[in-house]
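**Q** The sequence shown: position 36 = 36 (our numbering), numbered continuously. For glycine and all other residues, C-beta sits at the position ideal for the given N, C-alpha and C. All values reported here derive from a predicted model rather than from experimental measurement.
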Amino acid sequence: MSSLDRKATTLAPYALGAFRIVVGALFASHGAASLFGVFGGAPGTGGGVVPFGTWPSWWAAVIQLGCGLLVALGVLHRGAAVLASGSMAYAYFIVHQPDGLLPLQNQGEQAALFAWSFLLLAFTGPGALALGRALRRSPQLAAA
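1) By the three-class DSSP mapping on this structure, what secondary structure does arginine 133 have?
2) For valine 23, count neighbouring Cβ atoms within 10 angstroms of its own Cβ and tell me buried if that reaches 16, exposed if not.
3) Given alanine 33, which residues of its chain have a CB within under 7 Å of its CB, disregarding the five upstream and five downstream residues?
4) Answer yes or no: do leucine 126 and histidine 96 have a C-beta to C-beta separation smaller than 9 Å?
5) What residues in its chain sit with their C-beta under 6 Å from that of glycine 17, if we drop five residues either side in the sequence?
6) Contact check, alanine 81 vs valine 71 under 8 Å by CB: the rounded distance?
7) State the DSSP-derived secondary structure class of valine 22, mapped to helix, strand or coil.
8) Does the Cβ of glycine 150 have 16 or more other Cβ atoms within 10 Å, making it buried, or fewer, making it exposed?
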């Protein structure tokens with residue numbers, strides 16, 4: 001094994017952790033935009049928010065914000081990643097695919113990339129820098 005391979009193997013958990021943090025934060029920002037009107041607001045609202053309880057938009061935004069934060073922090077990330085992946089698969093097949101078969105035809109690239117990214121994270125684990133891992137190792141929490 002070359003020294004580059006050894007270094008890549010050593011750093012892989014940190015790269016995976018960075019990937020998890022970035023993907024989770026990006027996903028959470030979509031939810032925050034739709035729920036709170038930040039970052040330009042919900043798409044198609046001119047900077048506004050999705051009305052409370054609107055199906056499926058408001059519920060999707062709640063999933064985006066909640067699951068995105070959990071994944072980014074590395075807390076309960078597997079369940080959150082599976083839920084996030086499923087919500088993006090739903091978005092792709094129900095919202096985007098009727099406009100065309102392929103993501104480039106139906107503007108579903110983001111949904112497809114998020115769905116596959118979260119599915120990957122559900123299987124690979126959180127990588128390094130996961131808060132959930134640190135909380136499990138905490139002696140104060142183990143005694144409680």
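**A** The short version:
1) helix
2) buried
3) Phe39, Gly40, Gly41, Ala42
4) Residue identity differs from the one stated: residue 126 is proline in this sequence, not leucine. No; because the gap between Cβ atoms is not below 9 Å, this pair is not in contact.
5) Gly127, Ala128, Leu129
6) 6 Å
7) helix
8) Past the boundaries of the shown model lies residue 150; the chain is included only from 1 to 144, so the question cannot be answered.
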